[in-house]
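Residue numbers (the working numbering): 46 to 147.
Note that the Cβ used here is the ideal one computed from N, Cα and C, for glycine as well.
Heads up, the thing below is written out as structure tokens.
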């Protein structure tokens, strides 16, 4: 995927997931921090070191932990009126892209 498309998708996302088991310094975390988005991150040392304010952590060895983190993010955002507007805009923007990819 071209970087410009990825950046556009990230801009209209509610959250970005980084499910790494190990990682060097994560550029994904830094890019997401710069956009002010919530991150769902595997609970590994480098993600904690990068210390994103909007980070929600999960145990990368337990799928239920990821499900809980995603539910946490969903609940947080669906209760926020501004986010509802963002979700509607996101759906309008991403649906044509997903149709092309399919």
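- What does DSSP give as the partner residues of residue 67 in its beta bridges? None; residue 67 has no bridge partner.
- Where does the unbroken alpha helix (DSSP H) through residue 48 begin, and where does it stop? 48–56
- Under 8 Å by Cβ, that's how I've got residue 135 and residue 57 pegged, so tell me the actual separation to the nearest angstrom. Taking C-beta atoms under 8 Å as the contact rule, residue 135 and residue 57 qualify, at a distance of about 5 Å.
- Query: Quick one: is residue 106 buried, meaning 16 or more other Cβ sit within 10 Å of its Cβ, or exposed?
  - Reply: Around the beta carbon of residue 106, fewer than 16 other beta carbons lie within 10 angstroms, which makes this residue exposed.
- Item | Distance between residue 65 and residue 75 (C-alpha atoms, nearest Å) | Linking residue 75 to residue 65 through their CA atoms gives a straight-line distance of about 15 Å.
- Item | Local conformation of residue 82 per DSSP, three classes | Correct three-state label for residue 82: coil.
- Task: Counting only the same chain and skipping the five closest in sequence on each side, list residues whose C-beta sits under 7 Å from that of residue 85.
- Result: 60, 62, 101, 103, 114, 115, 118
- What number of angstroms, rounded off, separates the C-alpha of residue 121 from the C-alpha of residue 133? 16 Å
- Query: Ends of the beta strand (DSSP E) at residue 91?
  - Reply: Run containing residue 91: none in the beta strand (DSSP E); it sits in the alpha helix (DSSP H), 90–95.
- Item | CB contact below 8 Å: residue 116 versus chain B | Although the question refers to chain B, the structure presented lacks it and comprises just one protein chain.
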